[in-house]
Amino acid sequence: MVQLLESFIEYVLLLDALTVEAVLAVRHPVLTNAMTSVTGLGSVAAGLVFVGLFYLAGWREEFLVTLIALSLTGAVVAVLMATVQRPFPAQPVCLTEGAGTPTTSFPSGHAAAVTAYATVARSSGTLPFKTTAALAAVVAVSRIYLGTHYLSDTVAGVALGVGSVLLAERLLDRVDREALFRVLSR
């Protein structure tokens, strides 16, 4: 069993290395500018804006699920980054050192956040799922392209984003959502 796990990890690391090589081979200034522009949609600041917009628009379900999912995601990402401390891929375009946030690669919090938005949109009668999912995919790819994450970091972030929304929905099934919304609205 241990050997199977070691073989799996070795395979994942090989895929990560091959992905980095492919990205470095296709990097272009125009594409780098585009990726740098879109990647911010997965940031903490963007998350606060989206949660605020959901609240102001009166989208109670989307507001509650997103708020809880992003809170869960943020906590898990912070713990994993501090614990795993995986270095960035070679030749990153931008780093966040000095920003007061963990500067390690695993997992991708940006990918987790945008995947959470897409997962919320999937269940929403208001949010455009296809557009949100497409933007989430572009942001996830941007993290790899910009060299801030390996492929496996981003895949882990995507899984975390889906899982956080599923958990948030289960937690909300156990409470009076209207009462919770009123408490959060004070």
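Sequential numbering of the sequence shown, starting at 1, is according to UniProt numbering. Every residue gets a Cβ at the ideal spot worked out from N, C-alpha and C, and that includes glycine. The model shown is predicted, which means the values in this text are computed figures rather than measured ones.
Backbone secondary structure at residue i - three-state DSSP
i, result
"THR148", "coil"
"GLY74", "helix"
"HIS28", "coil"
"THR115", "helix"
"GLN85", "coil"
"PHE63", "helix"
"SER7", "helix"
"ALA69", "helix"
"GLY52", "helix"
"MET35", "helix"
"VAL44", "helix"
"SER108", "coil"
"residue 187", "It is not possible to answer for residue 187, since the shown part of the chain is limited to 1 through 186."
"ARG177", "helix"
"ARG186", "coil"
"VAL93", "coil"
"ALA17", "helix"
"SER123", "helix"
"residue 255", "Nothing about residue 255 can be read from this structure; the chain reaches only from 1 to 186."
C-alpha distance - residue i paired with residue j, whole-angstrom precision
i, j, result
"PHE88", "LEU31", "20 angstroms"
"THR103", "ALA111", "15 angstroms"
"VAL183", "ALA133", "31 angstroms"
"ARG174", "ALA78", "26 angstroms"
"GLY52", "MET1", "47 angstroms"
"PHE50", "LEU67", "9 angstroms"
"LEU171", "ALA25", "45 angstroms"
"GLU10", "ALA17", "11 angstroms"
"ARG86", "SER123", "34 angstroms"
"LEU56", "GLY125", "17 angstroms"
"GLN3", "ALA137", "33 angstroms"
"VAL23", "LEU180", "45 angstroms"
Contact under 9 angstroms by Cβ, residue i with residue j
i, j, result
"ARG60", "GLU178", "yes"
"LEU151", "LEU48", "no"
"GLY42", "SER108", "yes"
"THR119", "THR39", "no"
"ALA156", "VAL44", "no"
"LEU135", "THR36", "no"
"VAL65", "VAL165", "yes"
"PHE129", "ALA116", "no"
"VAL20", "ALA90", "yes"
"SER105", "ASP176", "no"
"LEU167", "GLU62", "no"
"VAL76", "LEU160", "yes"
"VAL93", "ARG186", "no"
Inter-stretch contact at 8 angstroms, needing at least 3 Cβ pairs: the stretch 65-76 / the stretch 138-148: no
Runs of alpha helix (DSSP H) lying entirely within the stretch 126-171, each at least 4 residues, in chain order: 129-145
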